[in-house]
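In the numbering used here, the protein residues as written are 63 to 225.
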(Lines of atoms letter the chains of each structure in order from A and count residues from 1; the text may use other names and numbers.)
(Lines give C-alpha, C1' and ligand atoms only; values in the text may rest on other atoms or scores of the structure.)
Protein backbone atom coordinates (compact mmCIF):
# COMPACT_ATOMS: atom_id res chain seq x y z
CA UNK A 1 0.00 0.00 0.00
CA UNK A 2 1.38 3.39 -1.01
CA UNK A 3 2.14 6.00 1.61
CA UNK A 4 1.52 8.82 -0.88
CA UNK A 5 -1.80 10.42 -1.77
CA UNK A 6 -2.72 13.04 -4.38
CA UNK A 7 -5.62 15.41 -3.85
CA UNK A 8 -7.40 17.84 -6.17
CA UNK A 9 -9.55 20.85 -5.32
CA UNK A 10 -11.51 23.49 -7.22
CA UNK A 11 -13.57 26.49 -6.20
CA UNK A 12 -15.23 29.45 -7.89
CA UNK A 13 -17.05 32.49 -6.51
CA UNK A 14 -18.76 35.40 -8.27
CA UNK A 15 -17.34 38.91 -7.98
CA UNK A 16 -19.65 41.47 -6.39
CA UNK A 17 -19.56 45.10 -5.29
CA UNK A 18 -19.20 45.88 -1.60
CA UNK A 19 -16.89 43.01 -0.59
CA UNK A 20 -13.16 42.92 0.07
CA UNK A 21 -11.23 40.71 -2.35
CA UNK A 22 -9.36 38.05 -0.37
CA UNK A 23 -7.14 35.51 -2.12
CA UNK A 24 -4.61 33.30 -0.40
CA UNK A 25 -5.48 35.00 2.88
CA UNK A 26 -4.37 38.40 1.56
CA UNK A 27 -6.61 41.45 1.10
CA UNK A 28 -6.14 42.64 -2.47
CA UNK A 29 -7.18 46.16 -3.49
CA UNK A 30 -9.90 45.87 -6.13
CA UNK A 31 -13.31 47.33 -6.84
CA UNK A 32 -15.06 44.00 -6.16
CA UNK A 33 -14.76 41.04 -3.84
CA UNK A 34 -15.85 37.43 -3.87
CA UNK A 35 -19.38 36.58 -2.78
CA UNK A 36 -19.82 33.81 -0.25
CA UNK A 37 -20.78 32.88 3.29
CA UNK A 38 -17.18 33.19 4.53
CA UNK A 39 -14.63 35.58 3.03
CA UNK A 40 -15.03 33.40 -0.12
CA UNK A 41 -11.27 32.95 -0.64
CA UNK A 42 -11.49 30.49 -3.53
CA UNK A 43 -7.75 29.77 -3.47
CA UNK A 44 -7.82 28.58 0.12
CA UNK A 45 -11.08 26.70 -0.45
CA UNK A 46 -9.51 24.79 -3.35
CA UNK A 47 -6.44 23.94 -1.24
CA UNK A 48 -8.65 22.74 1.64
CA UNK A 49 -10.58 20.42 -0.68
CA UNK A 50 -7.36 19.03 -2.19
CA UNK A 51 -5.98 18.22 1.27
CA UNK A 52 -9.19 16.67 2.54
CA UNK A 53 -9.62 14.66 -0.65
CA UNK A 54 -6.08 13.32 -0.58
CA UNK A 55 -6.67 12.07 2.96
CA UNK A 56 -9.91 10.36 1.87
CA UNK A 57 -12.07 12.80 3.82
CA UNK A 58 -15.20 14.73 2.92
CA UNK A 59 -15.22 18.20 1.34
CA UNK A 60 -14.92 21.67 2.85
CA UNK A 61 -18.69 22.05 3.13
CA UNK A 62 -18.90 19.05 5.45
CA UNK A 63 -16.32 20.38 7.91
CA UNK A 64 -17.17 24.09 7.56
CA UNK A 65 -20.79 24.32 6.36
CA UNK A 66 -22.22 27.58 5.06
CA UNK A 67 -25.28 26.86 7.19
CA UNK A 68 -23.22 27.35 10.36
CA UNK A 69 -23.50 30.98 11.57
CA UNK A 70 -20.01 30.64 13.06
CA UNK A 71 -18.63 30.53 9.50
CA UNK A 72 -20.36 33.74 8.39
CA UNK A 73 -17.69 36.14 7.03
CA UNK A 74 -14.99 33.93 8.60
CA UNK A 75 -11.45 34.22 7.27
CA UNK A 76 -10.77 31.10 5.21
CA UNK A 77 -7.32 30.59 6.72
CA UNK A 78 -9.22 29.15 9.74
CA UNK A 79 -10.64 26.48 7.42
CA UNK A 80 -7.15 25.73 6.10
CA UNK A 81 -5.79 25.44 9.65
CA UNK A 82 -8.64 23.04 10.46
CA UNK A 83 -7.98 20.91 7.36
CA UNK A 84 -4.27 20.70 8.19
CA UNK A 85 -5.18 19.55 11.72
CA UNK A 86 -7.59 16.93 10.32
CA UNK A 87 -5.02 15.39 7.99
CA UNK A 88 -2.21 15.57 10.56
CA UNK A 89 -4.40 13.75 13.10
CA UNK A 90 -4.80 10.99 10.53
CA UNK A 91 -1.04 10.62 10.13
CA UNK A 92 -0.51 12.65 6.95
CA UNK A 93 2.16 15.22 6.19
CA UNK A 94 1.93 17.69 3.31
CA UNK A 95 4.73 17.23 0.77
CA UNK A 96 3.70 19.96 -1.66
CA UNK A 97 0.78 21.98 -2.97
CA UNK A 98 0.41 23.52 -6.42
CA UNK A 99 -2.32 25.99 -7.34
CA UNK A 100 -3.65 28.10 -10.20
CA UNK A 101 -5.92 31.12 -9.84
CA UNK A 102 -8.06 32.07 -12.86
CA UNK A 103 -8.89 35.78 -12.94
CA UNK A 104 -9.02 38.43 -15.65
CA UNK A 105 -8.37 41.13 -13.06
CA UNK A 106 -6.81 42.32 -10.87
CA UNK A 107 -3.17 41.51 -11.59
CA UNK A 108 -2.11 39.16 -8.79
CA UNK A 109 1.66 38.99 -9.26
CA UNK A 110 2.36 41.76 -6.69
CA UNK A 111 0.64 39.64 -3.99
CA UNK A 112 2.04 36.19 -4.76
CA UNK A 113 4.94 36.33 -2.28
CA UNK A 114 2.63 37.41 0.57
CA UNK A 115 0.23 34.58 -0.27
CA UNK A 116 3.08 32.06 -0.44
CA UNK A 117 4.54 33.17 2.91
CA UNK A 118 1.20 33.04 4.74
CA UNK A 119 -0.05 29.78 3.24
CA UNK A 120 3.24 27.88 3.53
CA UNK A 121 3.32 28.76 7.23
CA UNK A 122 -0.21 27.38 7.72
CA UNK A 123 0.56 24.31 5.59
CA UNK A 124 3.79 23.71 7.55
CA UNK A 125 5.86 23.45 4.37
CA UNK A 126 8.71 25.53 2.98
CA UNK A 127 7.56 28.21 0.48
CA UNK A 128 9.39 26.41 -2.33
CA UNK A 129 6.93 23.51 -1.93
CA UNK A 130 3.93 25.76 -2.60
CA UNK A 131 3.19 26.82 -6.16
CA UNK A 132 0.83 29.74 -6.71
CA UNK A 133 0.21 30.79 -10.28
CA UNK A 134 -2.32 33.06 -11.92
CA UNK A 135 -3.74 33.06 -15.42
CA UNK A 136 -6.69 34.45 -17.32
CA UNK A 137 -9.42 32.61 -19.15
CA UNK A 138 -8.90 34.64 -22.31
CA UNK A 139 -12.22 36.48 -21.93
CA UNK A 140 -14.22 33.20 -22.02
CA UNK A 141 -16.91 32.18 -19.48
CA UNK A 142 -17.64 33.84 -16.11
CA UNK A 143 -14.00 34.15 -15.08
CA UNK A 144 -12.95 35.44 -18.48
CA UNK A 145 -15.73 38.00 -18.47
CA UNK A 146 -14.57 39.25 -15.05
CA UNK A 147 -17.70 38.01 -13.25
CA UNK A 148 -15.93 35.40 -11.10
CA UNK A 149 -12.58 34.14 -9.87
CA UNK A 150 -11.74 30.43 -9.71
CA UNK A 151 -8.87 28.38 -8.34
CA UNK A 152 -7.50 24.87 -8.75
CA UNK A 153 -5.23 23.08 -6.28
CA UNK A 154 -3.42 19.78 -6.21
CA UNK A 155 -1.44 18.35 -3.32
CA UNK A 156 0.74 15.42 -2.40
CA UNK A 157 0.47 13.94 1.08
CA UNK A 158 2.59 11.28 2.70
CA UNK A 159 1.31 9.02 5.46
CA UNK A 160 3.93 9.25 8.17
CA UNK A 161 2.15 7.25 10.85
CA UNK A 162 -0.05 4.22 10.48
CA UNK A 163 -3.41 4.27 12.20
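Note that CB positions come from ideal geometry on N, CA and C, so glycine has one too. Computed from a prediction, not measured in an experiment: that's the story for all the values here.
Going by other Cβ atoms of all chains shown within 10 Å of its Cβ, with 16 needed for buried, is residue i buried or exposed?
{"i": "residue 222", "result": "exposed"}
{"i": "residue 121", "result": "exposed"}
{"i": "residue 173", "result": "buried"}
{"i": "residue 138", "result": "buried"}
{"i": "residue 115", "result": "buried"}
{"i": "residue 109", "result": "buried"}
Report back the beta-carbon spacing between residue i and residue j to the nearest angstrom; my notes put them in contact at under 8 Å.
{"i": "residue 145", "j": "residue 170", "result": "The pair is not a contact, with the Cβ atoms about 23 Å apart (cut-off 8 Å)."}
{"i": "residue 218", "j": "residue 70", "result": "So it is not a contact: roughly 11 Å between Cβ atoms."}
{"i": "residue 117", "j": "residue 164", "result": "At roughly 25 Å, the Cβ-Cβ gap does not stay under 8 Å, so residue 117 and residue 164 are not in contact."}
{"i": "residue 211", "j": "residue 75", "result": "6 Å"}
{"i": "residue 111", "j": "residue 136", "result": "About 16 Å; that fails the 8 Å criterion."}
{"i": "residue 213", "j": "residue 105", "result": "4 Å"}
Taking C-alpha atoms, which residue in the options lies nearest to residue i?
{"i": "residue 77", "options": "176, 70, 122 and 103", "result": "103"}
{"i": "residue 215", "options": "156, 72 and 201", "result": "72"}
{"i": "residue 175", "options": "165, 160, 168 and 194", "result": "194"}
{"i": "residue 168", "options": "66, 89 and 67", "result": "89"}
{"i": "residue 160", "options": "126, 79, 177 and 100", "result": "177"}
{"i": "residue 207", "options": "91, 181, 166 and 105", "result": "166"}
{"i": "residue 87", "options": "198, 115, 64 and 181", "result": "181"}
{"i": "residue 151", "options": "119, 64, 140 and 191", "result": "119"}
{"i": "residue 196", "options": "125, 179, 124 and 162", "result": "162"}
{"i": "residue 192", "options": "134, 198 and 183", "result": "183"}
What are the partner residues of residue i, as DSSP defines its beta bridges?
{"i": "residue 217", "result": "69 and 159"}
{"i": "residue 114", "result": "Answer is none; residue 114 lacks a bridge partner."}
{"i": "residue 211", "result": "75"}
{"i": "residue 194", "result": "161"}
{"i": "residue 96", "result": "77"}
{"i": "residue 154", "result": "221"}
{"i": "residue 90", "result": "83"}
Touching by the beta-carbon criterion (3+ pairs, under 8 Å), the region 67 to 87 and the region 95 to 103: yes
Would you call the region 176 to 191 in contact with the region 119 to 138, where contact means no fewer than 3 C-beta pairs closer than 8 Å? no
Contact between the region 196 to 215 and the region 145 to 157 is defined here as three or more beta-carbon pairs at a separation below 8 Å; is this criterion met? no
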